[in-house]
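Position in the sequence shown (first residue = 1) + 292 = the working numbering. So the structure is just underneath, and the comments pick up after that.
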Amino acid sequence: MNNKPNPAWQPTGLVQKAFNLAAERHSKQTRKGGKIPYLSHLMAVSALVTENGGDEVQAASALLHDVLEDTPTQESELTQIVGAEVNAIVVACSSKRFGDSKEDPWATKDRYLKNLEAKAVDDPSLLVTLADKLHNAQSCVNEYPTDPVERAEYWQKFNAGYELQKHWYTSLYQGLNSKGTLPDPLMRRFKTAIDILFT
Numbered sequence: 293m294n295n296k297p298n299p300a301w302q303p304t305g306l307v308q309k310a311f312n313l314a315a316e317r318h319s320k321q322t323r324k325g326g327k328i329p330y331l332s333h334l335m336a337v338s339a340l341v342t343e344n345g346g347d348e349v350q351a352a353s354a355l356l357h358d359v360l361e362d363t364p365t366q367e368s369e370l371t372q373i374v375g376a377e378v379n380a381i382v383v384a385c386s387s388k389r390f391g392d393s394k395e396d397p398w399a400t401k402d403r404y405l406k407n408l409e410a411k412a413v414d415d416p417s418l419l420v421t422l423a424d425k426l427h428n429a430q431s432c433v434n435e436y437p438t439d440p441v442e443r444a445e446y447w448q449k450f451n452a453g454y455e456l457q458k459h460w461y462t463s464l465y466q467g468l469n470s471k472g473t474l475p476d477p478l479m480r481r482f483k484t485a486i487d488i489l490f491t
């Protein structure tokens with residue numbers, strides 16, 4: 293007798309379409325300050341979403357969450373390829389709509405945080421956002437130097453230094469945690485990563 297549970301959802305081809313588009317559009321990009329293909333981040337975020345209750349639309353959106361922000365892809369094209377639901381989540385995850393590259397980066401982040409605060413507790417983009425920010429924070433932890441001097445130098449590769457990065461991550465945690473609907477294991481991992489980086 294087979295008592296194995298069925299998957300929460302089975303792929304319909306949407307994730308494959310999203311992966312193909314992500315692999316194409318981000319093919320020449322790397323993770324900040326290194327040679328790791330950027331696609332690794334997108335796959336990791338999608339895995340976190342899938343492993344923590346996300347559905348197929350959210351998993352596909354996770355693969356594409358930076359495609360509007362970091363590539364020439366337009367919303368109309370994205371909608372045509374993967375549908376309006378995915379496009380809506382990707383738009384919701386993009387900070388591009390809160391400012392441009394010439395502006396003070398913190399002004400953009402501040403508007404992003406205010407938008408996060410206003411989101412409904414059941415907004416499907418929240419899980420994708422949490423998975424994205426968690427993976428970013430954990431990646432920083434993995435490469436964070438133990439030497440205090442090297443730690444100070446580490447933050448120079450980011451647009452914002454240590455204090456602004458601390459404010460950014462702690463504000464993100466507070467905004468996401470306030471919803472009360474996101475998976476506890478992910479929230480705990482996010483808090484742990486923040487504590488390692490900023491205490």
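We put the CB at the ideal spot given by N, CA and C, even for glycine.
> How about the stretch 319 to 338 and the stretch 397 to 408: do they share at least three Cβ pairs that are nearer than 8 Å?
Replying inline: no
> CA-CA distance, R480 and P364?
Replying inline: 35 Å
> Given V382, which residues of its chain have a CB within under 7 Å of its CB, disregarding the five upstream and five downstream residues?
Replying inline: S353, L356, H357, V359, L360 and L370
> With a cut-off of 8 Å, does the C-beta of K449 fall near any C-beta of chain D?
Replying inline: Among the chains of the structure shown, chain D does not appear; only one protein chain is present.
> For E348, does the count of other Cβ atoms within 10 angstroms reach 16, so buried, or fall short, so exposed?
Replying inline: buried
> Of the choices F490, Q448 and W447, whose alpha-carbon is the least far from that of Y465?
Replying inline: F490
> From K309, N344, E316 and K324, pick the residue whose C-alpha is nearest to that of P299; which is it?
Replying inline: N344
> Sorted by chain position, which residues of the same chain lie with C-beta nearer than 6 Å to R317's C-beta, five sequence neighbours on each side aside?
Replying inline: V359, T363 and T365
>> Closest to L474 by C-alpha separation, out of L418, Q448 and L334, would be which residue?
In response: L418
>> My output table needs one value for T491: the three-state DSSP class, helix, strand or coil.
In response: coil
> Can you tell me whether DSSP reads T322 as helix, strand or coil?
Replying inline: strand
>> Let me make sure I understand the geometry here. Which of A336, V441, L478 and I373 has the alpha-carbon closest to that of N312?
In response: I373
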